[in-house]
Amino acid sequence: MLELSLAAALISANDSAHAMHLENKKQLTIPAEISTNQLSNNSITDTREKFKALTNKSFLVPQYVPFNATQVQGSFNDLDPHVAISYFNAKTGQRMTIHVFSSSGFKMNEHTEVVHLSDGTKAIYEHDNPKRLANTLIFEKDGLEYRIGIKKGALANLNTLKSVANSLDNPN
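Numbering-wise, the numbering used here comes out as the position in the sequence shown, counting from 1, plus 95.
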């Protein structure tokens with residue numbers, strides 16, 4: 096695993112502002128964006144710029160992460176325009192990934208139920224699916240589909256997922 100000093104050295108200037116914003120809110124103790132593979136992974140800022148250039152839409156990022164993330168990275172797929180932003184704690188193995196799609200396509204199944212976010216947005220909570228590694232909250236905002244998944248474990252519950260979803264905002 097990368098040492099924290101190396102991680103701090105890899106933070107980009109633009110993403111440092113987002114990281115500082117999160118740190119000031121006391122929700123992300125080690126707000127470092129690390130991109131260990133420059134060919135497929137990017138900073139959140141780079142990922143947001145690529146997504147906006149292709150779809151003319153900006154996606155929101157969480158202001159709340161339910162654990163101390165030691166690594167944050169974004170990846171972009173331009174064939175089926177979507178992004179994935181992953182938050183990971185190297186010490187504990189905790190992981191949260193937010194997928195943002197330019198169109199919706201999720202279908203209800205026997206492991207899903209309808210819930211609502213604090214602003215009334217309808218969401219689908221998928222849990223206890225043996226085919227998935229994470230419990231997931233799926234919803235649409237501003238014409239984009241968000242899928243927030245937290246690796247199964249103590250934090251992967253509906254209340255935690257709703258807290259993350261309710262914290263989505265522009266990283267200005």
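Here a beta-carbon is modelled for each residue, glycine too, at the ideal position from N, C-alpha and C.
For S153, the CB contacts under 6 Å within the same chain, skipping 5 residues up- and downstream, are K147 in chain order. The count of Cβ pairs closer than 8 Å, one atom from the region 220 to 231 and one from the region 202 to 209, reaches three, so the stretches are in contact. In this structure, the beta-carbon distance from T192 to G169 does not fall below 8 Å.
Note that the C-beta distance between A218 and A260 is below 8 Å. Nearest to G248 by C-alpha distance, out of L149, N265 and L256, is L256.
In the DSSP secondary-structure assignment, S181 is bridged to Q168 and T192. A direct Cα-Cα distance of roughly 23 Å separates T165 from N254.
For F146, the enclosing alpha helix (DSSP H) begins and ends at I139 to T150. When the five nearest sequence neighbours on each side are left out, the beta carbons in the same chain lying within less than 6 Å of the beta carbon of L232 are those of A218, Y220, I243, L256 and A260, in order along the chain. Secondary structure of N230 (DSSP, three-state): strand. By a beta-carbon distance limit of 8 Å, V195 does not contact V210. Their separation comes to about 19 Å. In the three-state reduction of the DSSP assignment, A218 falls in the strand class. If you look at K202, you'll find it isn't in any beta strand (DSSP E); DSSP assigns it neither H nor E. A distance below 8 Å between beta-carbons, with the five flanking residues on each side excluded, links E144 to no residue of its chain.
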